[in-house]
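Visitor:
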Amino acid sequence: MTNFLEKARQAFNDGTLDQAAQYTRYFLAQNPDDPQGVHLLATIALIQKKPATTIALIGRILPSLSDRDPILAGRLYQTLGRALLMETHYEAARSAFVLSVTYFPEEAAAHAGLGEVFLQMGKYEEAANALSRAVRLASKEPVIWGLLGEAYAQAQQYEQAASAYKQAIKFCPSETSFYANLGAVLFHLSQWEDAKINLEKAVLLGNEKYETFLSLALTLLSLGKILEAQNIFENLLKKHPENLHIRLNIGSFYYEIGERHKAEEIFLSIEQKAPDSELALQASFNRSAILLEKGLWQEGWDCYEKRHFFTQSKVKSSLPLWDGAEGEGAVALSLEGGLGDSLTFLRFLPLAAKKRRLKLECPAEFQTLLSFMPNLDLKNLASPKDKIVARQSLNSLPYVLHINEAPSSEPYFNIPGEKETDLIGLSWSGNPQYAFDKRRSLSLELLEPLKDIPHIRFLNLQREGECPTWMEKPPLHNITDLARAVKRCALIISIDSLVANMAGAIGTPLWLLHRRGGDWRWKHHFWYQNVTLYESSSDETSDQTRWFVAIEKIKEALWAWSRQGDRH
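Residue numbers (this note's numbering): 85 to 652.
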């Protein structure tokens, strides 16, 4: 008697699926409820992208399935889960994979399938847990390592994602997507050079996905390689003129290098072409900086609020968002963004405190600054006994308070202490985790010519790093220490950082080393008094080329400043 099932398995192993299916049907004609025959035919249908057939076949025998063969039961549920996943029936697929794992817990593919379902459901922590179990059972399987990397990346656990992708590359060094994904993760970790190496490796191996080139362009931008980044961005736009994701990133690139008109046109086009999409919300938020720079305050703050719909800045609470109205009960305000941003938006606190009692949720060192705000009535700050009835972000105060004009440039901190008329504070380097820090920061060596100017002392306002012998190093353990140090200075020379914002808030004259493009707040509507811009002159990679002209101008101005008399 012909063993059709054996012939079917042989044909399946040889890759002749149609012949395998025919032999399996012959076998099932004689043994219609044989689970192994049904499983083989269902598997063939799945490979041939006929998931509905797979579901029907397995569904036919599940009611009669016995617990006597848990391995076969586990594999049947695994195949069913795959078919349901292909049909996007995610909850049903999850249930099938859970049963597969229950019947056959030693099967790595079952755990991997469960992880894939969780990925599709947006349950990234559960996905990582399932896929971690899978790699423990199949530690040399690159596909599972790649899926684990994706789960960690989606959960924004980038260190773990990088480790998983490196394992995937170890076991399959020819797979381009692993290098591309590792590069994208390293970008998020601010490891720009390593990101560039892996993304270029992906391209070298033949990866032609636009996402890979986009990640490479963004990485080059973060490395300060403007011309290389621009070349990739513009080639992407030629190849994919209707791709709104690419257009959004190119708009951000044009904004960053100072071509505001081009950026605004791109952002507006995205809002018009996909008005209800997340990309449109991002474009609207990006455009807010251009509007605010122009002094279009109401529209600018409206667009600025769009950030809550696609970032993690949304205040997470069961309490309602405060709308700026007067009333009973206290309002909790949360910080958002970097400390420099928070320092800038503190100027709106006194006005908000006239409407409601406020609790600023911030580190203790930041809370101390409130005692230095003469226009803030401290009695309007909430006590521990006050009931919090609403919440809001500090950065949203201009929106809820309907600030429709340029904010006052008057200093809003009154720090005790005396100004030392020959003391200049210096800050030349920012947080290296910031995406554009390479463009805003400069090397200490470029400032060394300043030390030869007579009748001047210099104060190092960098919190980290060694202090050169020609500068004094004050204690900078917290933000209050920084405020006291800035208060001592007659002049601050700084990049766009917390130090620059502190100088403005205190009223200390500021010479700002401003990267080309740069933040809108330093442009036409100054938020601070006594600010002089010294802008980088090119988009070259080297500090020497980018900042040479600005440093020369500062040196010349500082010579004149040193010859002044009374600087009070």
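The beta carbon of each residue, even a glycine, is placed where N, CA and C say it ideally should be.
Quantities reported herein were computed from a predicted structural model and do not represent experimental measurements.
For the candidate residues Lys-443, Asn-488, Ser-513, Arg-547, whose alpha-carbon lies nearest to that of Lys-378?
Guide: Of Lys-443, Asn-488, Ser-513, Arg-547, the residue nearest in Cα terms is Asn-488.
Visitor: By a C-beta neighbour count over all protein chains shown, 10 Å radius and 16 as the cutoff for buried, is Gly-601 buried or exposed?
Guide: It counts as buried.
Visitor: Taking Ser-418 as the reference, which of Lys-438, Gly-290, Leu-380, Arg-475 has the closest Cα?
Guide: Per the Cα distances, Arg-475.
Visitor: By how many angstroms is the C-alpha of Phe-202 removed from the C-alpha of Ala-245?
Guide: Between Ala-245 and Phe-202, the C-alpha separation is close to 16 Å.
Visitor: Check Leu-380 in the structure and name its three-state DSSP category.
Guide: Coil at Leu-380, not helix or strand.
Visitor: Taking 7 Å as the limit between beta carbons, can you name the residues of its chain near Pro-516, skipping five residues before and five after?
Guide: Only Ser-274 meet the Cβ criterion.
Visitor: Is the stretch 426 to 442 close to the stretch 453 to 471, with three or more CB pairs under 8 Å?
Guide: Taking 8 Å as the limit for Cβ pairs, the verdict is that the stretch 453 to 471 does touch the stretch 426 to 442.
Visitor: For His-608, which option in Ala-92, Pro-491, Tyr-294, Gln-114 has the closest C-alpha, if you only look at C-alpha atoms?
Guide: Nearest option by C-alpha distance: Pro-491.
Visitor: Assign Ser-223 to buried or exposed, taking buried as 16 or more other Cβ atoms, counted over all protein chains shown, within 10 Å of its Cβ.
Guide: Exposed, because fewer than 16 other Cβ atoms sit within 10 Å of the Cβ of Ser-223.
Visitor: Would you kindly check if the distance between the Cβ of Arg-331 and the Cβ of Ser-353 is under 8 Å?
Guide: It is a contact, given that the beta carbons lie within the stated cut-off.
Visitor: Ile-281 to Ala-176, Cα distance in whole Å?
Guide: Whole-angstrom Cα-Cα distance: 41 Å.
Visitor: Considering only the alpha carbon of each residue, which of Arg-344, Gly-514, Ala-589 lies closest to Leu-453?
Guide: When only C-alpha atoms are compared, the closest one is Ala-589.
Visitor: Check each candidate in Glu-529, Lys-571, Asp-565 and name the one with the smallest Cα separation from Pro-552.
Guide: Selected option, being the one with the closest Cα: Glu-529.
Visitor: For Thr-539, write down the residues that DSSP places opposite it in a beta bridge.
Guide: A small fix is needed here, since residue 539 is His in this sequence, not Thr. The partner list for His-539 (beta bridge, DSSP) is empty, contrary to what the question assumes.
Visitor: Give me whichever residues DSSP pairs with Thr-616 in a beta bridge.
Guide: Bridge partners of Thr-616: Trp-595.
Visitor: Determine whether the beta carbon atoms of Ser-184 and Tyr-208 lie at a separation below 8 Å.
Guide: Going by C-beta atoms, Ser-184 is not nearer than 8 Å to Tyr-208.
Visitor: Look at the alpha carbon of Tyr-107 and the alpha carbon of Pro-116, and state the distance between them as a whole number of angstroms.
Guide: So the two alpha carbons sit approximately 13 Å from each other.
Visitor: Determine which residues share a DSSP beta bridge with Cys-573 and list them.
Guide: In the DSSP output, where bridge partners are listed per residue, Cys-573 has Glu-504.
Visitor: What span of residues does the beta strand (DSSP E) with Lys-443 cover, start to end?
Guide: Where Lys-443 is concerned, the enclosing beta strand (DSSP E) stretches over 442 to 445.
Visitor: Going by beta-carbon coordinates alone, are Ala-192 and Pro-226 separated by less than 8 Å?
Guide: No, Cβ-Cβ distance for Ala-192 and Pro-226 is not below 8 Å.
Visitor: Tell me, please, whether the CB atom of Lys-280 is closer than 8 Å to any CB atom in chain B?
Guide: This model lacks chain B altogether, as it is built from one protein chain only.
Visitor: Hey, could you find the ends of the alpha helix (DSSP H) Arg-523 is sitting in?
Guide: Taken as a continuous stretch (DSSP letters only), the alpha helix (DSSP H) holding Arg-523 covers 521 to 524.
Visitor: Can you grab the Cα-Cα spacing for the pair Ser-299 / Gly-267, in whole Å?
Guide: Using only the alpha carbons, I get a separation of about 8 Å.
Visitor: Quick one: grab the DSSP three-state call for Ala-474.
Guide: If DSSP states are grouped into helix, strand and coil, Ala-474 belongs with the strands.
Visitor: With distances taken Cα to Cα, identify the nearest neighbour of Leu-437 among Leu-125, Val-415, Glu-284, Ser-426.
Guide: Going by the sequence as given, residue 437 is Ala instead of Leu. Cα-wise, what sits closest to Ala-437 is Val-415.
Visitor: Is Ile-341 helix, strand or coil when you go by DSSP?
Guide: Here Ile-341 sits in coil by DSSP.
Visitor: According to DSSP, is Met-85 part of a helix, a strand, or is it coil?
Guide: With a pLDDT of 43 at Met-85, under the threshold of 50, the predicted position of this residue should be treated as unreliable, and no value is reported.
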